[in-house]
Amino acid sequence: MIDESAIVNYTKKGIVFNIQKFSIHDGPGVRSIVFIKGCPLSCKWCSNPESQDGQPIVMFNEKNCIHCGKCLTVCTHHAIDSSVRGLINRKLCVNCGYCATICPAQALIVSGKSMSVREVIQEIKKDAIMYRRSNGGITVSGGEPLFQADFVAELLKACKLLGWHTAIETTGYASVAQLEKVLPFVDTVLFDIKNIESESHLDGTGKTNELILANALRIAITGSCNVVVRVPLVPNFNANPRCVHLICEFVKYMTGVKEIHLLPYHKLGANKYELLGREYPIDDALQTPEEEDVYEYKKIVEEHGFRCIIGG
Ligand code: SF4
Ligand code: SF4
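Residues in the sequence shown are numbered consecutively from 26, following my numbering.
Written as structure tokens, this is what we have:
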């Protein structure tokens, strides 16, 4: 009998901000998606801005607030300030979460908590039968999974021991050491390529793209896992025929990649910026791409010889 604890460090801890069950996206079959905190990019269209910081973060939902004033008295850092946008002075707040524990209306909540590999496995194991029946499994998303490479490597190793399919959804912005820790336990990499032009990439995401493109080639050439390229389609950033064409031309160099997913921009995460006391970084007037335009981009992808799925 295998001593699993000699193989997996089940006590290794990471910061997790959500576990989403029964997803039919982000990999084959029915899946659980484990969202972990921390991301080196800050994409203007990010729908999970609470994930960008690597630590738990307190959020304020004004709609739930009953103005009881309890939080005003408990913060020893004097960060609760009803005169600031979003109630919390982020320069003073240390995200200790204490105010959330006393709020009677759940107007203050903490996004993210420390969980061990064992705790995450216990949670996702409840749906193991679904993974088996649907050939599904686990996807680690974020944030950026490689940001917590040690934790994610142990988590995915534990999943492999249980015979589950594993996937990561990555920005590709990571060191070789981080990649090498995680990749041996990954069946499918969902790799985001956002823009081939580095200046535009910097403008949209806060980082240039050289490291990402190098890692895209690096992962593909190892041939150790299935790689699917995902492209968020964002107007005024990359949602135009030229950018889609350039991405396809690059992906041709990614050995073995056959599939590109197009993910049209949406505003679903916009309200979260408010909960964090932040301005939504994208112009409010910006609309999700027109359906006919998305089909035009799909056609471009297919003309380059790739299978194309809208969504993913
Ligand atoms: S999380 Fe802690 S530091 Fe921040 S506002 Fe609440 S009590 Fe104050
Ligand atoms: S404790 Fe909660 S409900 Fe009361 S004022 Fe503070 S945020 Fe609002």
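Just so it is clear, CB atoms sit at the ideal spot from N, CA and C, and this is done for glycine as well. This one's a predicted model, so the numbers in the text were calculated from it and none came from an experiment.
To the nearest angstrom, how far is it from the Cα of residue i to the Cα of residue j?
{"i": "residue 200", "j": "residue 143", "result": "26 Å"}
{"i": "residue 215", "j": "residue 193", "result": "6 Å"}
{"i": "residue 53", "j": "residue 161", "result": "5 Å"}
{"i": "residue 258", "j": "residue 104", "result": "38 Å"}
{"i": "residue 113", "j": "residue 334", "result": "41 Å"}
{"i": "residue 134", "j": "residue 152", "result": "27 Å"}
{"i": "residue 204", "j": "residue 171", "result": "7 Å"}
{"i": "residue 323", "j": "residue 287", "result": "7 Å"}
{"i": "residue 277", "j": "residue 241", "result": "11 Å"}
{"i": "residue 284", "j": "residue 107", "result": "50 Å"}
{"i": "residue 83", "j": "residue 77", "result": "13 Å"}
{"i": "residue 268", "j": "residue 110", "result": "37 Å"}
{"i": "residue 303", "j": "residue 49", "result": "31 Å"}
{"i": "residue 184", "j": "residue 190", "result": "8 Å"}
{"i": "residue 47", "j": "residue 164", "result": "11 Å"}
{"i": "residue 206", "j": "residue 255", "result": "22 Å"}
{"i": "residue 159", "j": "residue 237", "result": "32 Å"}
Am I right that residue i and residue j are in contact with their C-beta atoms under 8 Å? What's the rounded C-beta distance?
{"i": "residue 81", "j": "residue 137", "result": "4 Å"}
{"i": "residue 139", "j": "residue 61", "result": "So it is not a contact: roughly 11 Å between Cβ atoms."}
{"i": "residue 166", "j": "residue 36", "result": "So it is not a contact: roughly 23 Å between Cβ atoms."}
{"i": "residue 102", "j": "residue 119", "result": "6 Å"}
Which of the three DSSP states is assigned to residue i in this structure?
{"i": "residue 101", "result": "coil"}
{"i": "residue 66", "result": "coil"}
{"i": "residue 71", "result": "coil"}
{"i": "residue 169", "result": "coil"}
{"i": "residue 141", "result": "strand"}
{"i": "residue 45", "result": "strand"}
{"i": "residue 134", "result": "strand"}
{"i": "residue 110", "result": "coil"}
{"i": "residue 61", "result": "strand"}
{"i": "residue 91", "result": "coil"}
Original post:
In chain order, which alpha helix (DSSP H) runs of at least 4 residues are fully inside the region 214-249?
Top reply: 223-230 and 235-247
Original post:
Which parts of the region 237-315 are runs of the beta strand (DSSP E), unbroken and 3 residues or longer, counting only runs that do not cross its ends?
Top reply: 251-258 and 284-289
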